[in-house]
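Chemist: This is the structure I have questions about; it appears just below.
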Amino acid sequence: MVLGRCTRALAMAGASSLALLAAAPAIGQVASTPDSEADTVAAGQQAGIGDQAASDAQEIVVRGVRGSLLRSIEAKRNSGTIVDAISAEELGKFPDRNVAEALANIPGVTVGRDGRGQGRTVTVRGLGEEFAITTLNGRILPTDSTDRAFAFDVLPAEMISGAEVTKAVQASALEGSIGGNIDLRTARPFDHDGLRLSGSIEGQYNDLSEKMGYKASGVVSDTFADNTFGVLLSATYSSTKLRTDNLGEYSPASDTEEGQQFDFNGNGTIDDDGQEYVWPDFYSNGVVLGQRKRLGLSGAVQWKPSDRMTITLDGLYSHYKDIQHNYRQSNFLSPRNDLDSPVKWDPASVRVDENNVVTNFTINDLVAEVLTTDEPRTVDTYQIGGHIDWKPIDSLTVAIDGYRGQATRNSGAKERFVVAGVLDASADFATRNGALPDLAITIPGGRPLSEATNDDYRAHYIGIGGDDLKDETQGARLDATLETFAGVLKSVSAGATWTDRKKRDTVIDNLATECNFCGYPFTFGQIGADVIRGFPVDNLLFKQPGNFPRGFASFDIDTYLNALPDAENNPAVLNPETGEPYPSGYANQIIQPDLPLSFRISERTFGGYVQANFEGANWRGDIGVRVVNTRVSSNGFSTTIKSIVKRAGNQADYNVQFNESVPETGGGKYTKILPSVNFAYDLTGELRLRLAASKAIARPTFAQLSPASDASSAQSGTFIIFDAGNPDLKPTTADQFDISLEYYRSDKLALTLAGFYKHIKSFVTSMPVDVTIAPTDQPAGEPASFDFTRVQVLNGDSANVYGIEAGAQYFLDNGFGIQANATYNHSRAKSGDVTTDLPGAIPFSANLKLFYAGHGINAQVSYNYASRYVQAQSGLIDYLPIKEDPYHEMSASLAYDLTDHFQVYVEGSNLLGSAIERFNLYRNVPDFYEYSGRSFFFGVRGRL
């Protein structure tokens, strides 16, 4: 059968803070000069690893980028295992505009962008976000997606005071990560003594959208009663308008000449040699216009009732609203809709290259479509928690922590995907190497697509859907460490953890009525409607060469839907299914939960650990074991196909009816024993060797545990069943080994070199299988069965990942400095008889930062590079892996201190104008393209 057609469904606390600052007296020096506000760096640190700063060492305060990097190095060298860290430059000022972008400066960390140019997820050591966990103050963060990856775009960077990426495992650490554990930290009032205020007001500009945005933020912190009680509050609000030009979808298909009954190679016969040819089944490009608004609030209260106890209560709230409107043209380009339909390609126009990729053809009887989508995403996230540090006796330290969090996204029936089309068009197609293909479309009358009107465009598909999603997390942990004073056994740590997580995804759509007008039954002109509008931009995809649609019609979805009742009881337009006028109410959409696509999953874990900590004259280490029990309950629905009937006309549309849904349950439990060992040896006073070995797990995502499946693509002639998941999946496990060398010379030079190896077993993958589906109540005269491809989710075989990381950081006496790192990663994954690159594993990445701090100036230029990598192994065409092209990102910032308390700044991101580009195995078979422009930021910061 033909493979490849994709599924078509689918503040102002800063201002008040600045007002306070304007009236405040000058009490300190400016950003690059030491004063009492920022975190301190002990002058004694330069004595070497074995001689940490004495308690009476003179404290020198360094803020700005230099201070941030110094504190990050201190966190790394003092850690018990292999860790990289990022520290805020000062209260309320994280090093980068986005937490994910800041993490990209850590060796082995790369950013996954959200499709609009903003960092949203991160991968560690080439392993996808599903192999890492992100915590906030050591607590699991809820997310608004069906996976486990935290969406960093939801969390404002101003609310974060630091982040640590732990790459090796200790028994005391929360399980669930193979790539790395990312812990974000929020500020505490005890971080600084006395009153502290900071705030900023900012303007924003994007050169592609040509729109302005703004942001305001503020933080206030104070301690009282001899610094035994403290309160911190922060707030931030931003609004940004965006534009993204994209290749929204390009779906290749493959088949043999016999399977397609078409002479691809032009030898005059239909060959039965098993040779498959690749051609574009679907091609769609356009523009996304939208607006993002983000509100973040956080606070913390700390109380120190005695020298032996500290109690902390903290909370965080984020409201994130992202509204996007997508305007695209789209075309189905296969040589025929199905074997019962006539051939649409002109055989004399077809050309095939040496890879059997169809490079040229002319297609007739084409439907030139335009579509508009509304994609709102509104996310509310909160987390509250309490923490107690207690030292009942001098040799015993106890920590108790508890929390609760929730993320919600109510998008059910708010996402809309609506299509109109022009019949009897034709097009000339030609591939381009490394660029979007040519597609010159002509509509009836020899006119270009840009001249189509209401009298040409016909109503078609109306998709209304979306998810109501809720993620609830709660947990508690108890940790205790007893100092033993028994030789090299310094202490013994033990503890227990409990987590309870419930994720519910309810899909709400109009599946029952989405194809009421499929088949292009009438033009908008025939019902007297004025729906068609001009294209909203005039320079679409200007960075791409080629001849493809750049200006075409668009429409507002509400205008489209409000026009459809004019077709009811209208003798000028007849329903092709009945030959009668459409009855009253036919245009109404039935909106209801789509049970087979919905799920409710709960996961409860109980864990405990014991860890022995050792220390000698020039070495230290730990040996431990963690035991964790996981219980999963998966609930959903399944359905079967009742009937499949071809709609009238020659279009690839079917009336697919489903039987009533029936409940599905699944899940299970498993216990894992996870040993770990870490060892650090000071070869000299400046050179440290680290070794680590452990067993780790990464649990399947919640979507992968869902019993849901989706066969709705059959409505458009794509006979594929997508299984959302498999409730019986087991966790991915890994045996992992790490070695690193760390060299520190005073506080000016730090060099690191690390190697790692991971043997991963039972990773989750998808596998297509051919199945035959017999509808349960098929009308007489219709085919009794249909050939489908079912894409199943299962535990794969194994993968091996190994790599090298190198990093350097150097400060000159004149205020200049450099930070650089690079990571090499190699992976091979095996599933059945197939061995491939592990999807998402980036072979090479590098980061470079040049900076200067002095004379009231803070300046930096950053460059990030990620090499070409396998983004996905195609689940439909096995030999066409999707590869993402190398990505280059450059950003820069310049800040100047006007006074002791005020600073002006300007920043720029994506200064190279980079785009995200993906191709299949061959560079004349594109997969994805997206360009979001350059962004610039300017504003003023104040602090006390």
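Residues -22 to -1, 1 to 922 in mature numbering (1 follows the signal peptide of the UniProt record, and there is no 0) are what the sequence shown lists, from first letter to last.
Using N, Cα and C, we set each Cβ at its ideal position, and we do this for glycine too.
Can you check whether the CB of R272 is closer than 9 angstroms to the CB of V132?
Modeler: For V132 and R272, yes; Cβs fall inside 9 angstroms.
Chemist: Counting pairs of Cβ atoms below 8 angstroms between the segment 112 to 126 and the segment 677 to 685, do you hit three or more?
Modeler: A contact exists between the segment 112 to 126 and the segment 677 to 685.
Chemist: D536 lies in the alpha helix (DSSP H); which residues open and close that run?
Modeler: Run containing D536: I535 to A541, per the alpha helix (DSSP H) assignment.
Chemist: Taking Cβ positions only, does T617 come closer than 9 angstroms to chain B?
Modeler: Reference to chain B is not applicable here, since this structure consists of a single protein chain.
Chemist: Quick one: Cα of V345 to Cα of D324, how far?
Modeler: Answer to the nearest angstrom: the Cα atoms are 16 angstroms apart.
Chemist: Are K468 and N591 closer than 9 angstroms when you measure CB to CB?
Modeler: Result yes, Cβ atoms of K468 and N591 sit closer than 9 angstroms.
Chemist: Below 9 angstroms between beta carbons: does that hold for T451 and I118?
Modeler: Taking 9 angstroms as the Cβ cut-off, T451 and I118 qualify as a contacting pair.
Chemist: Where does A326 sit, in a helix, a strand or coil, going by DSSP?
Modeler: Looking at A326 - three-state DSSP - the assignment turns out to be helix.
Chemist: Could you name the residues of the same chain whose beta carbon sits closer than 7 angstroms to that of G891, not counting the 5 residues immediately before and after it, in chain order?
Modeler: Excluding residues within five positions, the ones whose Cβ falls inside 7 angstroms are R912.
Chemist: Does DSSP put Q522 in a helix, a strand or coil?
Modeler: Looking at Q522 - three-state DSSP - the assignment turns out to be coil, as it is neither helix nor strand.
Chemist: Kindly give me the distance between the Cβ atoms of S654 and A149, rounded to whole angstroms, as I take these residues to be in contact under 8 angstroms.
Modeler: The pair is a contact, with the Cβ atoms about 5 angstroms apart (cut-off 8 angstroms).
Chemist: Helix, strand or coil: how does DSSP classify D445 here?
Modeler: Looking at D445 - three-state DSSP - the assignment turns out to be strand.
Chemist: Taking the beta strand (DSSP E) that G920 belongs to, which residues open and close that run?
Modeler: Its beta strand (DSSP E) spans residues S913 to R921.
Chemist: So L349 packs on V397, CB below 8 angstroms; how close in whole Å?
Modeler: L349 to V397, Cβ: 5 angstroms. Contact.
Chemist: Is the beta carbon of P753 closer than 9 angstroms to that of F624?
Modeler: Checking the sequence shown, residue 624 turns out to be Lys, not Phe. Against a cut-off of 9 angstroms, the Cβ pair of P753 and K624 comes out as no contact.
Chemist: Looking at the unbroken beta strand (DSSP E) that takes in Q280, where does it start and where does it end?
Modeler: Per DSSP, Q280 belongs to the beta strand (DSSP E) from E254 to S284.
Chemist: Y900 to D701, Cα distance in whole Å?
Modeler: So the alpha carbons of these two residues sit roughly 28 angstroms apart.
Chemist: Three-state secondary structure (DSSP) at L186?
Modeler: Looking at L186 - three-state DSSP - the assignment turns out to be coil, as it is neither helix nor strand.
Chemist: For F463, count neighbouring Cβ atoms within 10 angstroms of its own Cβ and tell me buried if that reaches 16, exposed if not.
Modeler: Counting Cβ neighbours within 10 Å, F463 comes out exposed, since fewer than 16 surround it.
Chemist: Between the Cα of V882 and the Cα atoms of G917, I894, K392 and N517, which residue gives the shortest distance?
Modeler: Considering only alpha carbons, the answer is G917.
Chemist: Can you tell me which of the three DSSP states E760 falls into?
Modeler: In this structure, E760 counts as coil in the three-state DSSP scheme.
Chemist: Out of V551, G172, T386 and D516, point me to the one whose CA is closest to I503's CA.
Modeler: Rather than Ile, the amino acid found at residue 503 in this sequence is Gly. The option with the nearest alpha carbon to G503 is V551.
Chemist: For F657, I'd like the list of residues in its chain whose CB is within less than 6 angstroms of its CB, leaving aside the five on either flank, ordered along the chain.
Modeler: Closer than 6 angstroms at the Cβ level, and outside the excluded window around F657, lie G599 and L669.
Chemist: Verify whether the separation of the beta carbon atoms of N803 and F822 is less than 9 angstroms.
Modeler: Their beta carbons are under 9 angstroms apart, which means N803 touches F822 by this criterion.
Chemist: Under a three-way DSSP split, which group does A545 fall into?
Modeler: Three-state DSSP puts A545 in a helix.
Chemist: Taking DSSP as the reference, what is the three-state secondary structure of L220?
Modeler: Here L220 sits in strand by DSSP.
Chemist: Could you have a look at F502 and say whether DSSP puts it in helix, strand or coil?
Modeler: Looking at F502 - three-state DSSP - the assignment turns out to be coil, as it is neither helix nor strand.
Chemist: Return the residue from the list P422, Y909, T351 and S887 that minimises the CA-CA distance to I894.
Modeler: Ranking P422, Y909, T351 and S887 by Cα distance to I894 puts Y909 first.
Chemist: How many angstroms separate the CA atom of G834 from the CA atom of Y874?
Modeler: Those two C-alpha atoms are separated by around 6 angstroms.
Chemist: Taking 9 angstroms as the threshold (C-beta atoms), are S639 and S616 in contact?
Modeler: Yes, Cβ-Cβ distance for S616 and S639 is below 9 angstroms.
Chemist: Tell me where the beta strand (DSSP E) around E895 begins and ends.
Modeler: I894 to F897 is the extent of the beta strand (DSSP E) around E895.
Chemist: Y261 and L311 - do their beta-carbons sit closer together than 9 angstroms?
Modeler: Contact flag set, yes.
Chemist: May I ask you to report which of helix, strand or coil DSSP gives I51?
Modeler: In the structure shown, I51 sits in a helix (DSSP, three-state: H, G or I).
Chemist: Who does K193 pair with in a DSSP beta bridge?
Modeler: DSSP, once it has assigned bridges, lists E180 and S216 as partnering K193.
Chemist: G599 lies in the beta strand (DSSP E); which residues open and close that run?
Modeler: From DSSP, the beta strand (DSSP E) with G599 extends over W597 to S616.
Chemist: Between the alpha carbons of V279 and L922, how many angstroms are there, rounded?
Modeler: Cα to Cα, the separation comes out at about 20 angstroms.
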